[in-house]
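Residue numbers (my numbering): -9 to 902. Backbone N, C-alpha and C fix where the C-beta goes; we use that ideal spot for every residue, glycine too.
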RNA sequence: GCAGGGGUAUCCGAGCCUGGUCAAAGGAGCGGGACUUAAGAUCCCGUGUCGUAGGACUACGAGGGUUCAAAUCCCUCCCCCUGCACCA
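Structure follows, in structure tokens:
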């Protein structure tokens, strides 16, 4: 039922083009990052678009000319990888995609046909783009679909090409070597998604220094993460069981493990195997350390892993527990080796490794506790250690200050080379080994460029962030960001204009595309050919650099000028340290100041039943089923009202159900009033409900204007429903139906940004011909707060009475209420201004105690009605009904001697 | 490790910026009542402890401090979450 209402209005909005703005009036341009079209979206994606849509709708009702566009992202490796996987008949992928297709298709045969088509990556992108659009339409998003495009289109390629030419001219593109995770068998770089357990157990790249120890006619390479301890090396460890190679690199020979040789082939490339040895070959021979030319022995150790770094380990027994224990196991090589202390730490007198090993009772070199000890010593020495006197130019320096300098020094002096290793042993999903390879001639975006950073910082300072605390975080990310590779060998995307064989990487091609929205529809409409979109054309459209012959692009230029910049970009936290920051960098680089982004809203993440959504947990909720299963309006209300935008939102079935009940309640209240006429004769409670509505509406408007939609919904939806409940309790259902008619239009308008379908439906049922979606948001004035205060006052009295009843256990027959005297009120007013003067005014002890109470209870701060007696009179029958007994107000009788205790705002009560 | 954000009653979750009106919004759950043949739905009341009169006491991760006054401000500690790169 609700779905058909929703469908009806979605269709009607579309047919009437009400979300397709022309360029007229004050504009508001809002965007949400486009989704990656490799499968159906889930409700997490829906959160950002729902927020975007609610804001778009609200801004429209505020009188702005709103543009809310979207497009589809198809560039990158995933879609290609899926197509390949399907082509290769991978069952897992095929089953997954069949399950996706089941969301949209009901014919088995058709599904198989579509899967067959998915061998072509473009078909995947197109299919899901279409379905995502369909899904978005079912949620009622007010998107201007004329602006739709996808990133595989030639138009878009031309645009990105222009962007990269600009960046190149400005010197923001750089070329160099870069280490990446890589699979030898697949011959490809591998990302987190390609690595087994890569999402849960991250693999990072570790930079070792391989120190060159002269051995025979070459060098033994011993990898280390602690090059600063080179001064304390006493020996080298070799695994006697493992296989080692002698390899040639340029004019030098290196000795490394077999595994290390495989890695070097992809890191320094110019290497070839010359000879091979068992590890035991090296045992008890000598090598020469590079600094002072000391001869040091090569000794066997079982802990040496040939598949970690170079397969040789330099031994620093003073600072490395492993080395210390391994040496102790062989009695310090008959006592010929003494640990050399090179780092001093306050509070440790002896040899740190020895102290730690003995204190922890380590038995031998296979003790698992060694790992932790090593870390502990490392941290201590790194942060608190200073280099000893025997460390040349580094003596006396703090370790953390000179560690990087020592690295550089070793490499510059030719004492060692860099060697990259993965942070843990890793294999691809298909089980192939992952190593670190160095890509030669990789192009980067130079985010370390200080001038570029500065521009971006300035941009951040000029922007609004929601929540505001994120401004600082953006500054931090900008400072922290370094060079980022921006091209890849593989994947869909725009060809890199400065070198063949490279594709612009998919996060780097999606940074300023919000500008493209403003013009794409006209480019199509005017049938402009992609090849016409050269540098000069884009320079004119986006930066106003006119050159002859570009007249025909004037209107397109105007379009851009009118809409740009983006007033608000809404997305999730996940985009903060990448997309959002790139978005800022690239805008700061390319566009004029007046066209730089104005605001960013960062949404918290969405979880399902208390847990992060994931396929393995089976708690992924696809957007495709939402409208049918719950209704778009329920979904939208849940998204907006169940959590503040910047916190985690938990999609919980029980909560959804409870919200659904609330929404049903709302529907029945509205429907009850639709056919009724306005009420003209308003009583006390009618005045109350109308005024409390105005208060709610005013607050809701202010909240919405600050994008606090949850708070707005609490006011205008939840709290007001409670107000209605209260009204009904006092005045009855029939009168409620009538009075609600008086505020109905405004109420619907207030809710229209969040639950547009229901509001549109009721709006029309009320006889309106136009669309509520583009009505003006109601403004409120002339609120009578005193009537609201008076109702609160009555409820406070009731609460006091109930409290007394509860404590005393009395079943009331009669309740006496006495309001305060004029005199007491006067004393209160004096006390408000000057407490001591109030005491001076007091005539007797009773008055002094009154004043004390007034002050201690801060009664003068309460919103206290003037005419207490009159107010109680208006509500006395209600109170009697509630309490089920007779109430006597300011009676001449005073059986409890309570009259004298009546305070302003706090009448005294006696119950019998 | 670096950066950011948190720890609030049975649970979820507001409040904290701008100290008092906070025993702390709103849900959920639970208890009692009304309605009903009954269940459900709905509505009302209650839900820290104590209390035969509207009160007192204890409470907002732990511990200190500032203040007439602290969930709110400052310091220290403990714990949790998120991101950390070539991946969209």
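Where residue i and residue j are concerned, what is the direct C-alpha to C-alpha distance, given to the nearest angstrom?
{"i": "residue 356", "j": "residue 315", "result": "9 Å"}
{"i": "residue -9", "j": "residue 158", "result": "Confidence is the limiting factor: at residue -9 the pLDDT is only 46, short of 50, which leaves the residue's position unreliable, though a coordinate-based value still follows. Roughly 57 Å between the two C-alpha positions."}
{"i": "residue 10", "j": "residue 135", "result": "8 Å"}
{"i": "residue 67", "j": "residue 181", "result": "10 Å"}
{"i": "residue 57", "j": "residue 45", "result": "11 Å"}
{"i": "residue 537", "j": "residue 548", "result": "16 Å"}
{"i": "residue 20", "j": "residue 384", "result": "55 Å"}
{"i": "residue 516", "j": "residue 625", "result": "39 Å"}
{"i": "residue 777", "j": "residue 726", "result": "18 Å"}
{"i": "residue 500", "j": "residue 95", "result": "31 Å"}
{"i": "residue 886", "j": "residue 782", "result": "26 Å"}
{"i": "residue 594", "j": "residue 875", "result": "52 Å"}
{"i": "residue 359", "j": "residue 352", "result": "7 Å"}
{"i": "residue 341", "j": "residue 252", "result": "37 Å"}
{"i": "residue 265", "j": "residue 237", "result": "7 Å"}
{"i": "residue 631", "j": "residue 701", "result": "8 Å"}
{"i": "residue 1", "j": "residue 680", "result": "35 Å"}
{"i": "residue 687", "j": "residue 534", "result": "44 Å"}
{"i": "residue 732", "j": "residue 668", "result": "5 Å"}
{"i": "residue 362", "j": "residue 346", "result": "11 Å"}
{"i": "residue 324", "j": "residue 226", "result": "16 Å"}
{"i": "residue 903", "j": "residue 642", "result": "No statement about residue 903 is possible, as the shown extent of the chain runs from -9 to 902 and does not include it."}
{"i": "residue 656", "j": "residue 711", "result": "7 Å"}
{"i": "residue 860", "j": "residue 728", "result": "26 Å"}
{"i": "residue 206", "j": "residue 427", "result": "29 Å"}
For residue i, report the span of its alpha helix (DSSP H) as first-last.
{"i": "residue 49", "result": "33 to 51"}
{"i": "residue 506", "result": "504 to 515"}
{"i": "residue 532", "result": "525 to 533"}
{"i": "residue 699", "result": "699 to 703"}
{"i": "residue 445", "result": "440 to 452"}
{"i": "residue 610", "result": "No alpha helix (DSSP H) holds residue 610; DSSP gives it neither H nor E."}
Please list the terminal residues of the continuous beta strand (DSSP E) segment that includes residue i.
{"i": "residue 361", "result": "Not the beta strand (DSSP E): residue 361 falls in the alpha helix (DSSP H), residues 359 to 374."}
{"i": "residue 200", "result": "195 to 205"}
{"i": "residue 277", "result": "276 to 278"}
{"i": "residue 661", "result": "Careful: residue 661 lies outside any beta strand (DSSP E), inside the alpha helix (DSSP H) at 643 to 663."}
{"i": "residue 19", "result": "17 to 21"}
Just checking my contact of residue i with residue j at CB under 8 Å: how many whole Å lie between their CB atoms?
{"i": "residue 575", "j": "residue 446", "result": "5 Å"}
{"i": "residue 196", "j": "residue 416", "result": "Not confirmed; about 12 Å, so no contact."}
{"i": "residue 565", "j": "residue 894", "result": "Rounded, the Cβ-Cβ distance is 56 Å, inconsistent with contact."}
{"i": "residue 832", "j": "residue 844", "result": "Going by Cβ atoms, the distance from residue 832 to residue 844 rounds to 11 Å, so no, they are not a contact pair."}
{"i": "residue 559", "j": "residue 509", "result": "Contact doesn't hold; Cβ gap of about 18 Å is too wide."}
{"i": "residue 293", "j": "residue 228", "result": "Wrong, their Cβ atoms sit about 11 Å apart, outside the cutoff."}
{"i": "residue 331", "j": "residue 431", "result": "Incorrect: roughly 44 Å between the Cβ atoms, too far for contact."}
DSSP on residue i, reduced to helix/strand/coil?
{"i": "residue 562", "result": "strand"}
{"i": "residue 586", "result": "coil"}
{"i": "residue 216", "result": "coil"}
{"i": "residue 90", "result": "helix"}
{"i": "residue 260", "result": "coil"}
{"i": "residue 176", "result": "coil"}
{"i": "residue 623", "result": "helix"}
{"i": "residue 240", "result": "coil"}
{"i": "residue 26", "result": "strand"}
{"i": "residue 85", "result": "helix"}
{"i": "residue 55", "result": "strand"}
{"i": "residue 342", "result": "helix"}
{"i": "residue 95", "result": "coil"}
{"i": "residue 9", "result": "coil"}
{"i": "residue 929", "result": "What the structure shows of the chain is the stretch from -9 to 902, and residue 929 is not part of that stretch, so it cannot be assessed."}
Hey, which unbroken runs of the beta strand (DSSP E) at 3 residues or more fall wholly within the segment 765 to 835? 804 to 808
Restricting to runs no shorter than 3 residues, where is the beta strand (DSSP E) found entirely within the segment 295 to 327? 302 to 305
Run through the segment 704 to 768 for me and flag every whole alpha helix (DSSP H) of 4 or more residues, listed as ranges in chain order. 710 to 721, 723 to 741, 746 to 755
Counting only runs of 4+ residues fully inside the segment 103 to 159, write out the alpha helix (DSSP H) ranges in chain order. If we require 4 residues or more, the alpha helix (DSSP H) runs fully inside the segment 103 to 159 come out as 111 to 128, 144 to 159.
What are the start and end residues of each continuous beta strand (DSSP E) run of 3 or more residues lying completely inside the segment 447 to 494, in chain order? 454 to 456
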